[in-house]
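Enquirer: Here it is, the structure in full.
Residue numbers (the numbering used here): 2 to 162.
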């Protein structure tokens, strides 16, 4: 979340607090017998989070493909065949509605999958939806303002927060 320390500071912080990384992640002292169990639990949680993020990204791509498959024939039919104007307008309007709803669903799924990593301070964060939608982007990077250092850079998409 937003209150989690920067990844590069975990080891120095643990050394100062005389804690293991596992104890810091779980928020409690762990006995030697529980240490391995908690370490495995933390690793499993990390893998699950990455898998969930991958599923959301794949689902976002599938929604995008379905939108294209659903809307394109409406536009083709509206432009290629003779019909009354009201029918042509209805087909185009339905096609536009399908595209808008599809883009909204794909954006929500992609936004909720993982986080972004600032190239300056390496902080991982989830941007506000407005910044996410309006930020120029490539497939793996999006131009965002880091909430930690304030840098306005292309941040890399990562699967875990």
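From the three backbone atoms N, C-alpha and C, an ideal C-beta is built for every residue, glycine too.
Under three-state DSSP, which class holds residue 144?
Expert: DSSP places residue 144 in the strand class (E or B) of the three-state scheme.
Enquirer: Go ahead and label residue 19 buried or exposed: buried means 16 or more other beta carbons lie within 10 angstroms of its beta carbon, across all protein chains shown.
Expert: The residue in question, residue 19, is exposed, as its Cβ has fewer than 16 Cβ neighbours within 10 Å.
Enquirer: When the Cα atoms are used, what is the spatial distance from residue 111 to residue 90?
Expert: 31 Å
Enquirer: On the DSSP bridge list, what partners appear for residue 156?
Expert: 143
Enquirer: Helix, strand or coil: which one does DSSP assign to residue 107?
Expert: helix
Enquirer: When burial is assigned at 16 or more other CB atoms within 10 Å of the CB, is residue 54 buried or exposed?
Expert: buried
Enquirer: Let's test the definition: count the other Cβ atoms within 10 Å of the Cβ of residue 37 and tell me whether it reaches 16, buried, or not, exposed.
Expert: exposed
Enquirer: Could you tell me the alpha carbon to alpha carbon distance between residue 77 and residue 69, rounded to whole angstroms?
Expert: 12 Å
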